[in-house]
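Working notes for the structure below.
There are 2 protein chains.
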Amino acid sequence: MSIVLAIDGMGGDHAPEMIIEGMAKAVMRFPHIRFELFGDEERISPLLGKHESLVAVTHFHPTTEVITSDAKPTAAIRGFKDSSLRRAILSVREGCASGVVSAGNTGAYMALSRLVLGTLPGIDRPAIGGLMPTFNGPKVMLDMGANVEVSAENLIEFAIMGVAFARVVLGIQDPSVGLLNIGTEELKGNPTIKLAHQALKESAFIPNFKGFIEGDSISQGIVDVTVADGFAGNICLKTAEGTGKLMGHFLREGIKRSLLSKLGVLLAKPAFDYLRDKIDPRHYNGAPFLGLQGVAVKSHGGTDGEGFLQAISVALHMIEKNINASISQEILAFSSSNSTEERTKVKFCAL
Amino acid sequence: MSIVLAIDGMGGDHAPEMIIEGMAKAVMRFPHIRFELFGDEERISPLLGKHESLVAVTHFHPTTEVITSDAKPTAAIRGFKDSSLRRAILSVREGCASGVVSAGNTGAYMALSRLVLGTLPGIDRPAIGGLMPTFNGPKVMLDMGANVEVSAENLIEFAIMGVAFARVVLGIQDPSVGLLNIGTEELKGNPTIKLAHQALKESAFIPNFKGFIEGDSISQGIVDVTVADGFAGNICLKTAEGTGKLMGHFLREGIKRSLLSKLGVLLAKPAFDYLRDKIDPRHYNGAPFLGLQGVAVKSHGGTDGEGFLQAISVALHMIEKNINASISQEILAFSSSNSTEERTKVKFCAL
Numbered sequence: 001m002s003i004v005l006a007i008d009g010m011g012g013d014h015a016p017e018m019i020i021e022g023m024a025k026a027v028m029r030f031p032h033i034r035f036e037l038f039g040d041e042e043r044i045s046p047l048l049g050k051h052e053s054l055v056a057v058t059h060f061h062p063t064t065e066v067i068t069s070d071a072k073p074t075a076a077i078r079g080f081k082d083s084s085l086r087r088a089i090l091s092v093r094e095g096c097a098s099g100v101v102s103a104g105n106t107g108a109y110m111a112l113s114r115l116v117l118g119t120l121p122g123i124d125r126p127a128i129g130g131l132m133p134t135f136n137g138p139k140v141m142l143d144m145g146a147n148v149e150v151s152a153e154n155l156i157e158f159a160i161m162g163v164a165f166a167r168v169v170l171g172i173q174d175p176s177v178g179l180l181n182i183g184t185e186e187l188k189g190n191p192t193i194k195l196a197h198q199a200l201k202e203s204a205f206i207p208n209f210k211g212f213i214e215g216d217s218i219s220q221g222i223v224d225v226t227v228a229d230g231f232a233g234n235i236c237l238k239t240a241e242g243t244g245k246l247m248g249h250f251l252r253e254g255i256k257r258s259l260l261s262k263l264g265v266l267l268a269k270p271a272f273d274y275l276r277d278k279i280d281p282r283h284y285n286g287a288p289f290l291g292l293q294g295v296a297v298k299s300h301g302g303t304d305g306e307g308f309l310q311a312i313s314v315a316l317h318m319i320e321k322n323i324n325a326s327i328s329q330e331i332l333a334f335s336s337s338n339s340t341e342e343r344t345k346v347k348f349c350a351l
Numbered sequence: 001m002s003i004v005l006a007i008d009g010m011g012g013d014h015a016p017e018m019i020i021e022g023m024a025k026a027v028m029r030f031p032h033i034r035f036e037l038f039g040d041e042e043r044i045s046p047l048l049g050k051h052e053s054l055v056a057v058t059h060f061h062p063t064t065e066v067i068t069s070d071a072k073p074t075a076a077i078r079g080f081k082d083s084s085l086r087r088a089i090l091s092v093r094e095g096c097a098s099g100v101v102s103a104g105n106t107g108a109y110m111a112l113s114r115l116v117l118g119t120l121p122g123i124d125r126p127a128i129g130g131l132m133p134t135f136n137g138p139k140v141m142l143d144m145g146a147n148v149e150v151s152a153e154n155l156i157e158f159a160i161m162g163v164a165f166a167r168v169v170l171g172i173q174d175p176s177v178g179l180l181n182i183g184t185e186e187l188k189g190n191p192t193i194k195l196a197h198q199a200l201k202e203s204a205f206i207p208n209f210k211g212f213i214e215g216d217s218i219s220q221g222i223v224d225v226t227v228a229d230g231f232a233g234n235i236c237l238k239t240a241e242g243t244g245k246l247m248g249h250f251l252r253e254g255i256k257r258s259l260l261s262k263l264g265v266l267l268a269k270p271a272f273d274y275l276r277d278k279i280d281p282r283h284y285n286g287a288p289f290l291g292l293q294g295v296a297v298k299s300h301g302g303t304d305g306e307g308f309l310q311a312i313s314v315a316l317h318m319i320e321k322n323i324n325a326s327i328s329q330e331i332l333a334f335s336s337s338n339s340t341e342e343r344t345k346v347k348f349c350a351l
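Heads up: the sequence lines are chains A and B, in that order. Numbered continuously in the numbering used here, the first sequence closes out at residue 351. Numbered continuously in the numbering used here, the second sequence closes out at residue 351.
Following this line, the structure appears as structure tokens:
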């Protein structure tokens, strides 16, 4: 059975070229994929024409507007009615596609997805998930920046959605979960995170809950899912990116300082290639908006065709494994596992 | 004129050995230094005896208790009356020393310092400062974890203290300041950080205020002082540590995979040594507790004599440049630069 994905052909720094390249790669890898593609006809048609097998599975819709990277979410909601991004999301609501992928403006993408698709029943706030490189392979983290302020219940929802996503992309049956904090002792942290910790510990709803973890534990990969509010999660993600670049910079500076080092690095090229591959952001591309009524995946704006292919494959996995059915089911189970009294108590304690 | 430092001889993983080693190095580098040393006589005396020049400038005080690394701050305050840490801090209050250095339990150290020394007038919350490696050399960041929840006024105080610390340790006359956020646009972030941003921008009190910066900008070194609440700051610091270790791990794994790589790495040793030196945590050791009536510096618990020397030298710089006089003066200037009406307005907006 074929799966239809809606693609925003105009989002990202190197669109539409890298988008078409990624789609062409996807057709080779996933023969059952079909596309609804939205974008500027003049720019996309010549590119599309180069890939016969892609043309065969793509339904192209010309659009007249593009949401720029500096557009505010509110502006994206009010205007840009014929933008490639909005039209792509709409096609999911209309049932023409099972999911959408865009490398465009994150804020606008999230705002439009919430507005057009709506959230899943029982979900208060959708979150942005993502994969991080660790000692033990890629691991899931959320929220990457959608929610700067959260309640304890939001964090619990994130944990449930993170577990569902880890099952889909990592293939782990019973993913372990940690709450990001500034210490592992129960007395550490702010009231919200302490409350979420207590609820997750007492409910045993997430059987593999590991309690608090610290910032350096993420890269150690001691849990499959790291849960944080969007403020800490985003800072964590970007700090890791920045530190990676800094180390590369120091190493290049060091190499420049001696001829022997330059020669050595040539010989050790396989080792550096190995490192580069292990932290290659393209392998970790494809951040899902979790908690929506539909599958929406955000690609990094600066990626290439290979990276966009990865984002497509994340969306495909989420659709094939029916991630939203799992999330709905577990959110329902969570709600009913706590009596109204208990839930009220939790809410009361949070005040 | 000599400067007297109080030293907790028992704090840290490798105490008292690394403490005495660091002190001995300090005597060589800073001939005007004197020590009040606190700790277990049986363990410290034999070590001290090996360094004649150190013995000559050290006043040793035997103590009977040690605050362990897992002791809670409340327990440290109530008990441990004859601990090396408490006695060292007390000696500052009594005027026997101008500052204190310890590699012990951070929470206990901060709690005891606040209790024994008190905060500077006008300072609501002391913060933990620190140095981070960047493309442009070491830069200042605070708070590293003392305050998980802050007000906008706290963040402004942190900015003022960070500027004073950057002047002392980086020797920059007019340090630039950035507020850590999940985007650089003014609409991003939580209400607290937006309010602090607005106040710093409008007051022009910190002339070199650069607005919001993101997690990856810290390692780029685009500002001299990064201001964050203790939750984000601590997660940022530990994520950077973890990412550094992860990259080293991947590189070592890559090297193991081929003989040629091993040979190459031998040739490129100077380049790796350069990298290692650039990110050597010992160079960044010595986290000041800013905002106290007295100088208190925290050394990393796992450091060695070289790292402890660095922490001593941070304390020495803070004393010599009279950092607390600068902080008091600027906090006073800040308070009077805003009329009561304006300050009330700021407070009101924060609600």
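Idealized CB from N, CA, C, for every residue including glycine.
Roughly how many angstroms separate the alpha carbons of residue i and residue j, rounded to a whole number?
i, j, result
"Ser-408 of chain B", "Glu-306 of chain B", "Absent from the model: residue 408 of chain B. The displayed extent of chain B is 1 to 351, so no value can be given."
"His-61 of chain B", "Tyr-274 of chain B", "41 angstroms"
"Asp-224 of chain B", "Asn-136 of chain B", "9 angstroms"
"Phe-250 of chain A", "Gly-104 of chain B", "31 angstroms"
"Leu-179 of chain A", "Gly-233 of chain A", "11 angstroms"
"Asp-8 of chain B", "Leu-170 of chain B", "26 angstroms"
"Val-55 of chain A", "Leu-117 of chain A", "28 angstroms"
"Leu-260 of chain B", "Lys-262 of chain A", "14 angstroms"
"Gly-211 of chain B", "Tyr-284 of chain B", "25 angstroms"
"Arg-93 of chain B", "Val-148 of chain A", "41 angstroms"
"Glu-202 of chain A", "Ile-222 of chain A", "21 angstroms"
"Asp-13 of chain A", "Ser-336 of chain B", "48 angstroms"
"Lys-245 of chain A", "Arg-276 of chain B", "15 angstroms"
"Ala-350 of chain A", "Ala-228 of chain A", "With a pLDDT of 40 at Ala-350 of chain A, under the threshold of 50, the modelled position of that residue is not reliable, and the figure given next carries that caveat. Approximately 17 angstroms between the Cα atoms of the pair."
"Gln-173 of chain A", "Arg-125 of chain A", "25 angstroms"
"Gly-39 of chain A", "Ser-53 of chain A", "19 angstroms"
"Phe-30 of chain A", "Pro-16 of chain A", "21 angstroms"
"Val-265 of chain B", "Arg-252 of chain A", "14 angstroms"
"Arg-87 of chain A", "Met-110 of chain A", "14 angstroms"
Counting C-beta neighbours from all protein chains within 10 Å, is the total for residue i 16 or more, i.e. buried, or is it exposed?
i, result
"Val-4 of chain B", "buried"
"Lys-194 of chain A", "buried"
"Leu-332 of chain B", "exposed"
"Ser-219 of chain B", "buried"
"Thr-226 of chain B", "buried"
"Lys-347 of chain B", "Legend: pLDDT at Lys-347 of chain B = 47, less than 50; position of this residue unreliable, value from coordinates given subsequently. The residue is exposed, with fewer than 16 neighbouring Cβ atoms inside 10 Å."
"Gly-49 of chain B", "exposed"
"Glu-330 of chain B", "buried"
"Glu-21 of chain B", "buried"
"Met-132 of chain A", "buried"
Using only the heavy atoms of the ligand PLP, determine whether one of them is closer than 7 angstroms to the beta carbon of residue i.
i, result
"Asn-105 of chain A", "Absence of the ligand PLP is noted for the structure shown, with no ligands found whatsoever."
Is residue j closer than 8 angstroms to residue i when the C-beta atoms are compared?
i, j, result
"Leu-112 of chain B", "Leu-85 of chain B", "yes"
"Ala-97 of chain B", "Glu-157 of chain B", "no"
"Ala-146 of chain B", "Ala-166 of chain B", "no"
"Ala-26 of chain B", "Leu-200 of chain B", "no"
"Gly-99 of chain A", "Ile-279 of chain A", "no"
"Ile-323 of chain A", "Ala-164 of chain A", "yes"
"Gly-291 of chain A", "Ile-327 of chain A", "yes"
"Ser-2 of chain A", "Arg-34 of chain A", "yes"
"Ala-287 of chain A", "Gly-129 of chain A", "yes"
"Ser-217 of chain B", "Thr-192 of chain B", "no"
"Met-144 of chain B", "Gly-254 of chain B", "no"
"Gly-301 of chain A", "Ser-69 of chain A", "yes"
"Thr-239 of chain B", "Cys-236 of chain A", "yes"
"Met-247 of chain A", "Met-247 of chain B", "yes"
"Ile-67 of chain B", "Phe-80 of chain B", "yes"
"Gly-183 of chain B", "Glu-214 of chain B", "yes"
"Asp-281 of chain B", "Arg-257 of chain A", "The residue you asked about is not Asp; residue 281 of chain B is Pro in the sequence shown. Contact: no."
Assuming residue i and residue j are in contact, meaning their beta carbons sit under 8 angstroms apart, how far apart are those beta carbons, in whole angstroms?
i, j, result
"Leu-155 of chain A", "Ala-204 of chain A", "Wrong, their Cβ atoms sit about 16 angstroms apart, outside the cutoff."
"Ile-160 of chain A", "Phe-334 of chain A", "6 angstroms"
"His-317 of chain B", "Val-168 of chain B", "5 angstroms"
Jot down the residue ranges of each uninterrupted beta strand (DSSP E) in the region 243 to 273 of chain B, minimum 3 residues, whole runs only, in chain order. none
Starting from the N-terminal side, write out each stretch of the beta strand (DSSP E) that is 3 residues or longer and does not extend beyond the region 188 to 246 of chain B. 209 to 213 and 225 to 227
Contained alpha helix (DSSP H) runs [length at least 4] in the region 6 to 62 of chain A, N- to C-terminal order: 17 to 29, 41 to 49 and 52 to 57
What are the uninterrupted segments assigned as beta strand (DSSP E) that are 3 or more residues long and contained completely in the region 97 to 122 of chain B, given in chain order? 99 to 102
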